[in-house]
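With positions in the sequence shown counted from 1, the corresponding number in UniProt numbering is that position plus 53.
Below is one structure, written out as structure tokens; the observations come after it.
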Amino acid sequence: FEQLPLQVRINGQAQQLSVEPRVTLLDLLREQLGLTGTKKGCDHGQCGACTVHVDGQRVNACLTLALTTEGREVTTIEGLGSEDKLHCMQEAFLRHDGFQCGYCTPGQIMSAVACVREGHADTPEQVREYMSGNICRCGAYANIVAAILDVKA
Ligand code: FES
């Protein structure tokens with residue numbers, strides 16, 4: 054298949070890549086770049102496991118063609134904290150046990166950061182509504198909401 058050039062910043066690093074037009078951002082991250090923190094659950098925009106930020110906005114990486122990120126800044130769970138310090142949302146999830154198996158956690162945390170940043174974390178209801186696209190099969194929802202409200206507080 055034909056490959057096209059893609060220039061994109063990923064977790065603060067400029068990348069010059071060659072990508073097939075059909076490749077999703079999710080597959081680019083996981084298979085071409087080895088950034089496997091972003092998870093593939095449904096691959097159909099239904100579960101939120103693949104949530105990342107593009108220019109600070111959350112997106113489902115499975116629904117985003119990689120080439121549409123040309124010139125943009127992509128942030129994944131690997132780029133959220135710094136080298137030696139977790140992001141405050143990651144710490145809050147630890148404090149509140151906001152996970153069980155952990156598979157949905159990177160996507161939950163990327164959505165949670167966007168939830169607070171966009172001002173949807175004033176009440177538990179707002180948080181639940183904003184986070185409704187992130188499914189957790191273990192049912193850790195109550196602790197996830199508590200972690201987000203804690204960061205907001
Ligand atoms: Fe993208 Fe489920 S893998 S929403």
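We put the beta carbon where it would ideally sit given N, CA and C, even for glycine.
Item: Per-residue DSSP class, three states only, for R83; Value: helix
Item: Runs of alpha helix (DSSP H) wholly within the stretch 115 to 191 (minimum 4 residues, chain order); Value: 141 to 148, 158 to 170, 177 to 183
Item: At least three beta-carbon pairs within less than 8 Å, the stretch 104 to 119 to the stretch 154 to 172; Value: yes
Item: Where C95 falls, given that 16 or more other Cβ within 10 Å makes a residue buried; Value: exposed
Item: First through last residue of the alpha helix (DSSP H) which encompasses N196; Value: 194 to 205
Item: Distance cut-off 6 Å: C103 Cβ against heavy atoms of the ligand FES; Value: yes
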